[in-house]
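Asker: Sharing a structure, written as structure tokens. Questions coming.
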Amino acid sequence: MSIRVLLVDDQPLVRAGLRVLIADAPDIEVVGEAGTGAEAVRLARDVVPDVVLMDLRMPGTDGITATRAITAAGGPPRVLVLTTFDDDAHVHGALRAGASGFLVKDMALEDILGAVRVVAAGDALIAPAVTRRLIAEFARRPGRAAHPRPLPGVTEREREVLTLVGRGLSNAEIAAHLFISAATAKAHVARLFTKLGARDRVHLVIAAYEAGLVHPAHRDDRDAERGR
Numbered sequence: 093m094s095i096r097v098l099l100v101d102d103q104p105l106v107r108a109g110l111r112v113l114i115a116d117a118p119d120i121e122v123v124g125e126a127g128t129g130a131e132a133v134r135l136a137r138d139v140v141p142d143v144v145l146m147d148l149r150m151p152g153t154d155g156i157t158a159t160r161a162i163t164a165a166g167g168p169p170r171v172l173v174l175t176t177f178d179d180d181a182h183v184h185g186a187l188r189a190g191a192s193g194f195l196v197k198d199m200a201l202e203d204i205l206g207a208v209r210v211v212a213a214g215d216a217l218i219a220p221a222v223t224r225r226l227i228a229e230f231a232r233r234p235g236r237a238a239h240p241r242p243l244p245g246v247t248e249r250e251r252e253v254l255t256l257v258g259r260g261l262s263n264a265e266i267a268a269h270l271f272i273s274a275a276t277a278k279a280h281v282a283r284l285f286t287k288l289g290a291r292d293r294v295h296l297v298i299a300a301y302e303a304g305l306v307h308p309a310h311r312d313d314r315d316a317e318r319g320r
């Protein structure tokens with residue numbers, strides 16, 4: 093089945109470009125377009141897309157407010173922010189509002205399509221250009237070291253898994269690191285979603301940093317290993 097996408101941007105030319113891009117993808121289809129946040133909320137309810145490609149700065153209801161309204165009920169659609177504004181306030185605002193991904197418009201078109209597929213599959217994605225800055229900001233929040241986030245109900249094994257998620261490891265890498273099966277690693281991650289009230293993987297990463305389980309150097313180590 094095709095991934096149903098709602099395009100939200102106040103610039104018609106941007107929507108037209110995305111529509112042409114998606115037209116060449118056999119597994120993705122555009123089911124609606126909106127030029128304002130208020131229209132996006134209405135269309136998301138009416139056409140029930142799988143993914144909303146959301147701009148942030150729009151007249152009237154902005155993208156963050158629209159994202160919060162769309163994600164409030166849980167379940168689909170999932171919101172993937174696509175914007176020219178990648179400053180910290182916009183990144184944090186979008187993620188707190190429930191966005192499952194954050195991209196900047198200068199990314200390659202194929203990368204945007206890939207991100208739509210990732211988010212539709214239930215995972216999360218943040219543009220590499222903003223990932224380290226985002227995590228570093230959470231890591232240096234006032235009081236983080238003295239008052240890390242408690243993790244009630246999380247077992248010791250689940251803390252280990254959360255630590256590795258925070259370091260950027262995939263389920264397969266977590267399985268190899270802990271000498272467990274990929275299915276077991278996936279089950280631990282699924283339980284963490286429930287116990288921590290996390291919408292998707294990026295929010296588990298944030299939870300790991302807020303709990304003091306990992307720090308920015310771990311992310312740097314992962315990037316070095318992958319040659320980034």
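The sequence shown begins at 93 in our numbering and counts up one residue at a time. Backbone N, C-alpha and C define an ideal beta-carbon position, used for all residues, glycine too.
Whole angstroms is fine: what's the gap from L172's alpha carbon to L254's?
Answerer: As a working mapping, residue 172 is identified with position 80 in the sequence shown. As a working mapping, residue 254 is identified with position 162 in the sequence shown. Each residue's alpha carbon lies about 23 Å from the other.
Asker: Buried or exposed: which applies to L105, given that a residue is buried once 16 or more other Cβ atoms fall within 10 Å of its Cβ?
Answerer: On the sequence shown, residue 105 is found 13 positions in, with the first residue counted as 1. The residue in question, L105, is exposed, as its Cβ has fewer than 16 Cβ neighbours within 10 Å.
Asker: Is D142 buried or exposed, if buried means 16 or more other CB atoms sit within 10 Å of its CB?
Answerer: Within the sequence shown, numbered from 1, the residue matching residue 142 stands at position 50. D142 comes out buried.
Asker: Between which residues of its own chain and A136 is the CB-CB distance below 7 Å, once the five residues before and five after are set aside?
Answerer: Working through the sequence shown from its first residue, we reach residue 136 at position 44. Same-chain partners within the cutoff: L98, V144, I162 and P169.
Asker: Check whether the region 281 to 297 touches the region 251 to 268, taking contact to mean three or more Cβ pairs, one atom from each stretch, closer than 8 Å.
Answerer: Short answer: they touch.
Asker: Would you list the one or two residues that DSSP bridges to I95?
Answerer: Counting from 1 along the sequence shown, the entry for residue 95 is found at position 3. Answer by DSSP bridge pairing, in chain order: I120.
Asker: For S273, is the classification buried or exposed, using 16 other Cβ atoms within 10 angstroms of its Cβ as the cut-off for buried?
Answerer: Position 181 of the sequence shown, counted from the first residue, corresponds to residue 273. Exposed, because fewer than 16 other Cβ atoms sit within 10 Å of the Cβ of S273.
Asker: Could you tell me the alpha carbon to alpha carbon distance between L288 and D154, rounded to whole angstroms?
Answerer: Your numbering for residue 288 matches position 196 in the sequence shown. Your numbering for residue 154 matches position 62 in the sequence shown. Whole-angstrom Cα-Cα distance: 28 Å.
Asker: Name, in chain order, the residues that DSSP records as bridge partners for T175.
Answerer: Start at 1 with the first residue of the sequence shown, and residue 175 comes out as number 83. The partner list for T175 (beta bridge, DSSP) reads V196.
Asker: Determine, using beta carbons only, whether S94 and D116 come nearer to each other than 7 Å.
Answerer: Start at 1 with the first residue of the sequence shown, and residue 94 comes out as number 2. Start at 1 with the first residue of the sequence shown, and residue 116 comes out as number 24. The answer is no: Cβ separation not under 7 Å.
Asker: Could you give the residue range of the alpha helix (DSSP H) that holds V253?
Answerer: Position 161 of the sequence shown, counted from the first residue, corresponds to residue 253. It spans E248 to G258 - the alpha helix (DSSP H) in which V253 sits, taken as one unbroken run.
Asker: Note down, in chain order, each residue of its chain lying with its Cβ closer than 8 Å to the Cβ of V123, except the 5 sequence neighbours on either side.
Answerer: Locating residue 123 in the sequence shown gives position 31, counting from the first residue. These residues qualify, in order along the chain: R96, V97, L98, V139 and P141.
Asker: Just curious, the alpha helix (DSSP H) that V208 is in, first and last residue?
Answerer: Numbered from 1 along the sequence shown, position 116 holds the residue referred to as residue 208. V208 -> alpha helix (DSSP H) spans L201 to A212.
Asker: Is the beta carbon of M146 sitting closer than 7 Å to the one on T157?
Answerer: To locate residue 146, count along the sequence shown from 1; it is residue 54. To locate residue 157, count along the sequence shown from 1; it is residue 65. Not in contact: M146 and T157 (Cβ atoms no closer than 7 Å).
Asker: Looking at the secondary structure, which residues open and close the alpha helix (DSSP H) in which L288 lies?
Answerer: In the sequence shown, the residue the question calls residue 288 occupies position 196. Here the alpha helix (DSSP H) through L288 covers A274 to L288.
Asker: Would G152 and A130 qualify as a contact pair, given that the criterion is a beta-carbon distance under 7 Å?
Answerer: Translated into positions along the sequence shown, residue 152 becomes position 60. Translated into positions along the sequence shown, residue 130 becomes position 38. Cβ atoms of G152 and A130: closer than 7 Å.
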